[in-house]
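Asker: Here's a structure for you.
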Amino acid sequence: MSARTLVDYAEHSTDLDVIAVTDHDETAAAFEARDYAAQKRLRVQVIPGVEVTTRDGHLLALFIEDRPPALRSLAATTDWVLQRGGVCLAPHPFTRWTHSLSRRAMLDAVAHNWLAGLEVLNASLAGRASRPHALKFAGQHHLASLGGSDAHMLGIVGLARTRFPGRTPADLRRAIDSRTTFAEGRFARPREIAVEALPQLARSMIHLPVRRVVRFARGQFTSP
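If you count the sequence shown from 1, you need to add 1 to reach the working numbering.
What follows is the structure in structure tokens.
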């Protein structure tokens, strides 16, 4: 889906006030979506972000203005994000089907105050089994609880969401910092994601890894 199509869908087909656009290791669509929503003066506002691939697993970086270098350590990546005023979150934690941060990596991130929150409700099929573990971890370590649709198609947008006091990106940022967020929604049904399963699997297992290797070879990724 295009950035503009996503924003239009969120505006006209959901009641969401804020969406975060977080492609894998890319930020162009996030900035395009934010600018489009602002130019059209839409209700929905866009937080630019990215799901960055670290050597320790995927990390969500929100409220950023640049693309973090991929394929670095979790320590180096979180430092890069935090130095630029961003927020670090753990997507789809404890899932076995995705490149998620391990429990050890997350404990290390908590010990160093790198991590502000994690998805305790991820609408994907992978997120169903991991939800109890995510809820327990968030509670034990006083992390913000977030809901994310992890949508790769329009029909999934908004299935899982984050409730917070207010209606703006700034309000969400304050809620994450104060741990006053609440995850709500439901998991996607198999039939709802069947139409995207094979194309997405091919993209995740073939296209994106190959593209990352090519970019790394060209020096576009930085490794400490």
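Each residue gets a CB set at the ideal place from its N, CA and C atoms; glycine is no exception. The structure presented is a predicted model; accordingly, all values stated were derived computationally and were not measured.
CA-CA distance, residue 170 and residue 18?
Answerer: Answer to the nearest angstrom: the Cα atoms are 9 Å apart.
Asker: With three or more C-beta pairs closer than 8 Å as the rule, is the segment 47 to 67 touching the segment 99 to 109?
Answerer: Cβ pair count under 8 Å is three or more, so yes.
Asker: What does a CB cutoff of less than 7 Å around residue 15 pick up in its chain, not counting 5 residues either side in sequence?
Answerer: Cβ within range, chain order: 158, 159.
Asker: Helix, strand or coil for residue 3, going by three-state DSSP, please let me know.
Answerer: It is coil, neither helix nor strand.
Asker: Taking only beta-carbon positions, decide if residue 116 is within less than 8 Å of chain B.
Answerer: No chain B is present in this structure, which holds just one protein chain.
Asker: Going by beta carbon distance, what residues of the same chain come within less than 8 Å of residue 132, once the five residues before and after it are set aside?
Answerer: So the qualifying residues of the chain are 121, 122, 123.
Asker: Count the other CB atoms, across all protein chains shown, that sit within 10 Å of the CB of residue 2; report buried if there are 16 or more and exposed otherwise.
Answerer: Label assigned to residue 2: exposed.
Asker: Looking only at its own chain, which residues have a Cβ that is under 7 Å from the Cβ of residue 145, when we skip the five neighbours before and after it?
Answerer: 117, 118, 177, 180, 182.
Asker: How far does the beta strand (DSSP E) with residue 104 in it extend, from its first residue to its last?
Answerer: Counting along the chain, residue 104 falls outside any beta strand (DSSP E), though it belongs to the alpha helix (DSSP H) covering 104 to 112.
Asker: Going by beta carbon distance, what residues of the same chain come within less than 6 Å of residue 67, once the five residues before and after it are set aside?
Answerer: Once the five neighbours on either side are set aside, residue 67 has no close Cβ partner at all.
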